[in-house]
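Structure first, then comments.
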Amino acid sequence: MHTIGFNKPYLTGKEVHYMYDAVFHRHISGNGKYTKLCHQFFQEKYHFNKVLLTSSCTDALEMSALLINIQPGDEVIMPSYTFVSTANAFILRGANIKFIDSYPHHPNMNPDLIEECITSKTKAIVVMHYAGAANDMKKILSIANKYNLYVIEDAAQCINSFYIDEKNQKIPLGSIGDLSAFSFHETKNIISGEGGMLVVNNKELEKRAEIIWEKGTNRSAFFRGEVDKYGWVDIGSSFLPSDIIAAFLYAQLEELEHIQQKRLWIWNTYYKLLKPLADQGLFELPYIPEYATNNAHMFYLVCRSLDERTKLIQHLKNKGIQAVFHYLSLHSSPYYKDKHDGRMLPNADKFADCLVRLPFYYDLSQSDLEYICEEVKNFFSNI
Ligand SMILES: *Cc1c(COP(=O)(O)O)cnc(C)c1O
1 MHTIGFNKPY LTGKEVHYMY DAVFHRHISG NGKYTKLCHQ FFQEKYHFNK
51 VLLTSSCTDA LEMSALLINI QPGDEVIMPS YTFVSTANAF ILRGANIKFI
101 DSYPHHPNMN PDLIEECITS KTKAIVVMHY AGAANDMKKI LSIANKYNLY
151 VIEDAAQCIN SFYIDEKNQK IPLGSIGDLS AFSFHETKNI ISGEGGMLVV
201 NNKELEKRAE IIWEKGTNRS AFFRGEVDKY GWVDIGSSFL PSDIIAAFLY
251 AQLEELEHIQ QKRLWIWNTY YKLLKPLADQ GLFELPYIPE YATNNAHMFY
301 LVCRSLDERT KLIQHLKNKG IQAVFHYLSL HSSPYYKDKH DGRMLPNADK
351 FADCLVRLPF YYDLSQSDLE YICEEVKNFF SNI
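Under UniProt numbering, residues 1 to 383 are what the sequence shown spells out, in order.
Structure follows, in structure tokens:
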């Protein structure tokens with residue numbers, strides 16, 4: 001039987017070569033040659049103000065919570081339909097979370113629901129751009145400015161994706177919030193196994209970001225010759241990855257355009273093949289808002305019911321195809337349901353029940369895609 005897994009990490013071929021080089025360069029801890037090359041790549045390509053590689057996006061989110069000084073009892077606003085790390089980072093500092101519902105037809109948080117959840121304790125809005133499709137940043141920034149809140153982007157899925165402003169300018173996701181967190185986990189477009197990055201756009205947070213990154217010491221400033229000794233100056237942790245990981249990542253970054261081109265082809269092929277079924281009302285296809293771009297992070301369908309989705313996943317499994325559901329709404333999770341304020345978040349629950357992700361990775365071929373779409377079609381013609 002033709003078997004197609006959900007994900008298969010793509011290798012450019014240079015990863016191991018650069019990892020060897022990092023090892024024989026004899027700087028295998030963090031912030032070495034390849035870390036600096038990665039930092040430079042992001043600063044040049046996307047004009048990010050300051051970037052720091054981290055061991056994961058989760059780490060970058062935890063750094064964000066430290067950097068904006070979240071204290072017990074502070075409130076943070078974020079979507080319910082997101083990954084646990086978005087919330088955990090702030091929970092670890094004692095925050096309470098106000099979860100916001102999704103749009104009816106897009107998993108992103110609906111910004112029109114934010115304002116009613118703001119109190120005197122609110123400190124920040126965390127935006128997660130689902131599948132790399134920008135949220136409405138104009139609305140979100142205007143709310144944040146009105147109430148003087150930090151904006152943090154969980155940009156885990158957002159590499160090479162953009163927000164399009166009123167002047168039709170493409171602004172890189174991750175460059176808009178005070179802080180942003182990216183992931184290079186092996187399920188993302190650009191990978192290093194585990195890995196992530198903090199982007200510090202707010203210049204007031206720049207210096208302290210580096211200190212928190214380096215265990216609460218001013219070690220980075222010392223190595224640049226800015227201070228004559230280094231010591232413990234703040235709280236912090238060990239957030240930086242080994243240069244061996246950065247070497248892997250650098251090999252991927254060199255091929256970014258090429259990887260993105262192939263992924264976009266896969267996405268467009270899925271869309272074309274499945275459009276006739278969506279037009280019959282059997283499911284919804286992903287849509288890209290007019291202020292967003294598509295970075296081909298994932299391809300998903302939204303089924304009409306949980307039951308239909310369960311059966312579709314089972315049908316595809318029987319045909320050797322691994323399709324998977326995604327987030328369970330965080331406001332109704334076992335950990336948070338008793339802490340949630342009781343607001344109904346029906347759209348987040350709908351995406352939790354009905355969204356299914358199809359296999360998505362660089363190596364998928366035209367015939368793989370045709371096979372998958374044919375089986376989706378077979379499923380719907382028998383219900
Ligand atoms: C993947 C992902 C994360 C976690 O990334 P790690 O690098 O595995 O910590 C966080 N948030 C979102 C939205 C993600 O998709």
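For glycine and all other residues, C-beta sits at the position ideal for the given N, C-alpha and C. Keep in mind it's a predicted model, so treat the numbers as computed, not measured.
| Query | Result |
| --- | --- |
| CB contact below 9 Å: Leu67 versus chain C | In the structure shown, chain C does not exist; there is a single protein chain. |
| Residue span of the alpha helix (DSSP H) that contains Asp353, given as start and end | Pro346 to Cys354 |
| Three or more C-beta pairs below 8 Å linking the segment 277–292 and the segment 157–164 | yes |
| Residues near Phe6 by beta carbon distance below 6 Å, same chain, minus five either side | Gln322, Val324 and Pro359 |
| Limits of the unbroken alpha helix (DSSP H) element including Ile97 | Element bounds for Ile97: not the alpha helix (DSSP H) but the beta strand (DSSP E), Asn96 to Ile100. |
| Distance between Ile190 and Arg357 (C-alpha atoms, nearest Å) | 18 Å |
| Cβ-based neighbour list, Lys170, same chain, cut-off 8 Å, excluding 5 preceding and 5 following | Phe162, Tyr163, Ile164 and Thr293 |
| Reference Gly132, options His315, Asn201, Arg263 and His25, closest by Cα | Arg263 |
| Whether Phe336 touches Ala352 by CB criterion (9 Å) | The residue you asked about is not Phe; residue 336 is Tyr in the sequence shown. Their beta carbons are not under 9 Å apart, which means Tyr336 does not touch Ala352 by this criterion. |
| Cβ neighbours of Tyr147 in the same chain (closer than 6 Å, five flanking residues each side left out) | Ile118 |
| Thr3 classed as buried or exposed, judged by whether at least 16 other C-beta atoms fall within 10 angstroms | exposed |
| Inter-residue Cα distance where the pair is His340 and Val51 | 34 Å |
| Any non-hydrogen atom of ligand 1 within 8 Å of Glu153 CB | no |
| Cα-Cα separation between Leu316 and Tyr287, rounded to whole angstroms | 23 Å |
| Rounded C-alpha distance that separates Pro72 from Tyr271 | 45 Å |
| Whole beta strand (DSSP E) elements within the segment 11–79, 3-residue minimum | 50–54 and 75–79 |
| beta-carbon Met128 near ligand 1 non-hydrogen atom, thresh 8 Å | yes |
| Residues of its chain near Lys377, where Cβ-Cβ distance is below 7 Å and the 5 sequence neighbours each way are ignored | Leu277 |
| Cβ shell of Asp349 (< 6 Å), same chain only, five flanking positions each side left out | Ser329 |
| Completely contained alpha helix (DSSP H) runs for the segment 280–350, where each covers 4 or more residues | 306–318 |
| Cβ neighbour criterion (16 or more within 10 Å) applied to Val127 | buried |
| Validate contact between the segment 227–236 and the segment 251–269 using beta carbons, cut 8 Å, 3 pairs | no |
| Ligand 1 heavy atom lying under 8 Å from the CB of Cys57 | yes |
| Nearest neighbour of Ser120, chosen from Leu149, Ala221 and Arg309 [CA to CA] | Leu149 |
| Gly225, DSSP secondary structure in three states | coil |
| Same chain, Cβ closer than 7 Å to Ala155, five either side skipped, listed in chain order | His129, Leu173, Gly174, Ser180, Ala181 and Phe182 |
| Cβ-based burial, Glu115 [other Cβ within 10 Å; buried from 16] | exposed |
| Alpha carbon of Ser381 to alpha carbon of Ile97, nearest angstrom | 43 Å |
| Same chain, Cβ closer than 6 Å to Thr187, neighbours up to 5 away in sequence not counted | Asn7 |
| Lys262 - DSSP class collapsed to helix/strand/coil | helix |
| When Ser56, Phe48, Arg26 and Leu369 are compared against Leu249, the one with the closest alpha-carbon | Ser56 |
| Neighbourhood of Asn347 by C-beta, 7 Å cutoff - its chain only, sequence neighbours within 5 removed | Asp101, Ser102, Tyr103 and Pro104 |
| Of the listed residues Trp267, Leu301 and His297, nearest to Asp279 (C-alpha basis) | Leu301 |
| CA nearest to the CA of Ala95, picked from Ala87, His106, Tyr362 and Asp74 | Asp74 |
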